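Okay, structure first, notes after.
Protein chains in written order, with my numbering: chain G, 1 to 67; chain H, 1001 to 1469.
See below:
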């Protein structure tokens, strides 16, 4: 697992605009970047966990119920 | 001194036997709701006309000999639960005019059992927070100390029951949002097993971790209400086909030999002394009732927090994305910020979190093989003052999220049934809650433990000063 750096407000603004298609207000980017940095730190142990062959807990169910 | 508010069981018995009419019970509930709206803001919408019509229908049915387990019981629902004819605001300006297209299954079930809807309760905006502060519809102060928050996100539901307006209100719980406000407000809050109660007609926060359940004063009422709510619902394809037991039937069975696990590492670290003392005393009380407390380990707690964060932010952002594009400025700044951050989390983190979830669930199943349920505190601290950023705990200043949700959210990730139960008061007179966690689909055991505990203690009988006044 590679280390990540705290996302900069500029990176956050570009990602929101270019990858998500939801531009952020200029005044929001610092706060979103700070929140993301905190989330990434909290996710560190989860990202590093060896989950072996486990598949995701949420799986597609082919037996769709009748509408 | 004000009398203890009547329970669901007591009201239903009185209405069923003709001692009271549903109409008189509902009129009293509506009057209490009006009395307490300022300054507690428990309701976003009151439903007096339909409530009185429903109550009169219940009275007619009783006169014709109908038997209903919740006859004439006034109830309220968190305002993310749809009721046709009324708006579902999710506690947000962004949804202030959202008309419900239908009625949630849980509401239909309660009305079918004779209960009467009196209103839709206030909440932390979009259920994405836990203090009960709400800039659009007013904050929900704690009835035990209005300078402090009531907990959320099902804040209005907790306040409505704690103030004695109605004996039951429904909430939703994605990271502790039923159990926390119940604990901080001196109530019982039950989060059933994931899939046990239908989510149909309930606006999601995070589909794979959302649970609907009751806030009440007694475990017996929780069992009574769960008997009405539990079961498969064709409208919710995550609802379970597991058989539904009669939850009220075995409540009085003794606890002799029951094994209660204490996960000391992770769940008993750094608690406020009053909280630690109350929960230790609760363990001793349960032991005196015949249960055997044993130490157990729940691994992966650090990973659980990160997995919960990845899932809740991703799923909430996915749901709200079209609304953000349309009306981002109508969300409050903190909620909008969280949703926009969720848009930017990598998909691989979401799927790693779902893989972690499966590993954790298997590991904890091994822990539950040696015990019948777990006992923890519901929160590390009693209710904090509005505006607090952290709480001072023995381990140092602790962010509110960790202090108030850290011991609750693991069971949203795993889906185990869990409930908070009043177990004492701090020196400041604020309620302390313990948490009981059961095996998947074994709500019956934690309800029995809670009921036996409440038969031996009187914490749940105490009434907030606001009600006395």
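Even glycine gets a Cβ: it sits at the ideal position worked out from N, Cα and C.
Owing to the predicted nature of the structure, the values given are computational and were not obtained by experimental measurement.
> What does residue 26 of chain G reach in chain H if we use C-beta pairs closer than 7 Å?
Replying inline: As a first step, residue 26 of chain G is located in the first chain; it is residue number 26 there, counting from the start. None at all; the shortest Cβ gap to chain H is about 13 Å.
>> Just to confirm my understanding: we take residue 1388 of chain H, look at its own chain, exclude 5 residues before and 5 after, and list those with CB closer than 8 Å. What are they?
In response: For the purposes of this step, residue 1388 of chain H is taken as the residue at position 388 of the second chain. Around residue 1388 of chain H: 1400.
> What is the DSSP secondary structure of residue 1149 of chain H, reduced to helix, strand or coil?
Replying inline: As a working mapping, residue 1149 of chain H is identified with position 149 in the second chain. If DSSP states are grouped into helix, strand and coil, residue 1149 of chain H belongs with the strands.
>> Can you give me the C-alpha to C-alpha distance between residue 1012 of chain H and residue 1167 of chain H, rounded to a whole angstrom?
In response: Locating residue 1012 of chain H in the second chain gives position 12, where the first residue counts as 1. Locating residue 1167 of chain H in the second chain gives position 167, where the first residue counts as 1. A straight-line Cα-Cα distance of about 11 Å links residue 1012 of chain H and residue 1167 of chain H.
>> I'd like to know if residue 5 of chain G contacts chain H, where contact means its C-beta is closer than 8 Å to some C-beta of that chain.
In response: Position 5 of the first chain holds residue 5 of chain G. For residue 5 of chain G, the answer is no, since every Cβ of chain H falls outside 8 Å of its Cβ.
> Can you tell which of H:1106, H:1412, H:1060 has its C-alpha closest to the C-alpha of residue 1309 of chain H?
Replying inline: Numbered from 1 along the second chain, position 309 holds the residue referred to as residue 1309 of chain H. Measuring from the Cα of residue 1309 of chain H, the nearest candidate turns out to be H:1412.
> Does the separation of the CB atoms of residue 1336 of chain H and residue 1295 of chain H fall below 8 Å?
Replying inline: Working through the second chain from its first residue, we reach residue 1336 of chain H at position 336. Working through the second chain from its first residue, we reach residue 1295 of chain H at position 295. At least 8 Å separates the beta-carbon of residue 1336 of chain H from that of residue 1295 of chain H.
> By DSSP, does residue 1424 of chain H sit in helix, in strand, or in coil?
Replying inline: Your numbering for residue 1424 of chain H matches position 424 in the second chain. Here residue 1424 of chain H sits in strand by DSSP.
>> Just to confirm the assignment: which complete alpha helix (DSSP H) runs, minimum length 4, are found wholly within the stretch 1327–1356 of chain H?
In response: The qualifying runs are 1333–1343.
> Per DSSP, what kind of secondary structure is residue 1126 of chain H in: helix, strand or coil?
Replying inline: Walking along the second chain from the start, residue 1126 of chain H turns up at place 126. Residue state, collapsed to three classes: helix.
> chain H beta carbons: is any one of them nearer than 8 Å to that of residue 56 of chain G?
Replying inline: Counting from 1 along the first chain, the entry for residue 56 of chain G is found at position 56. Cβ-Cβ to chain H under 8 Å: yes for residue 56 of chain G.
> What residues in the stretch 41–55 of chain G bring their beta carbon closer than 8 Å to a beta carbon of chain H?
Replying inline: Residues are counted here when their Cβ sits less than 8 Å from a Cβ of chain H; for the stretch 41–55 of chain G these are 42, 43, 44, 45, 46, 47, 49, 51, 52, 54, 55, given in chain order.
> Is the Cβ of residue 62 of chain G closer than 8 Å to any Cβ of chain H?
Replying inline: Locating residue 62 of chain G in the first chain gives position 62, where the first residue counts as 1. So no, residue 62 of chain G is outside the interface.
>> Cutting at 6 Å between CB atoms, please list the residues of its own chain near residue 1356 of chain H, excluding the five before and the five after it.
In response: Here the question's residue 1356 of chain H lines up with position 356 in the second chain. Answer for residue 1356 of chain H: 1303, 1307, listed in chain order.
> Given that residue 15 of chain G touches chain H, what residues does it touch there, using C-beta distances under 7 Å?
Replying inline: Within the first chain, numbered from 1, the residue matching residue 15 of chain G stands at position 15. Here the neighbours are 1344.
>> According to DSSP, residue 1119 of chain H sits in a beta bridge with which residue or residues?
In response: Indexing the second chain from 1 puts residue 1119 of chain H at position 119. Partner(s): H:1046, H:1076.
>> Can you pull out the residues from the stretch 1280–1313 of chain H whose beta carbon lies closer than 7 Å to at least one beta carbon of chain G?
In response: Residues 1302, 1303, 1305, 1306, 1307, 1309, 1310, 1313.
>> So, at 6 Å on beta carbons, what are the nonlocal neighbours of residue 1301 of chain H in its own chain, with the 5 sequence-adjacent residues on each side left out?
In response: The sequence position of residue 1301 of chain H within the second chain is 301, counting from 1. 1266.
>> Quick check on DSSP: helix, strand or coil for residue 20 of chain G?
In response: In the first chain, the residue the question calls residue 20 of chain G occupies position 20. Helix at residue 20 of chain G.
>> Using CA atoms only, rank isn't needed, just tell me which of H:1314, H:1028, H:1069, H:1004 is closest to residue 1223 of chain H.
In response: The sequence position of residue 1223 of chain H within the second chain is 223, counting from 1. Closest option to residue 1223 of chain H, Cα to Cα, is H:1069.
> What runs of the beta strand (DSSP E), each 3 residues or longer, lie entirely inside the stretch 1198–1241 of chain H?
Replying inline: Segments of the beta strand (DSSP E) lying fully in the stretch 1198–1241 of chain H: 1211–1216.
> At a CB-CB cut-off below 8 Å, which residues of chain G make contact with residue 1351 of chain H?
Replying inline: Counting from 1 along the second chain, the entry for residue 1351 of chain H is found at position 351. Neighbours of residue 1351 of chain H on chain G, chain order: 56.
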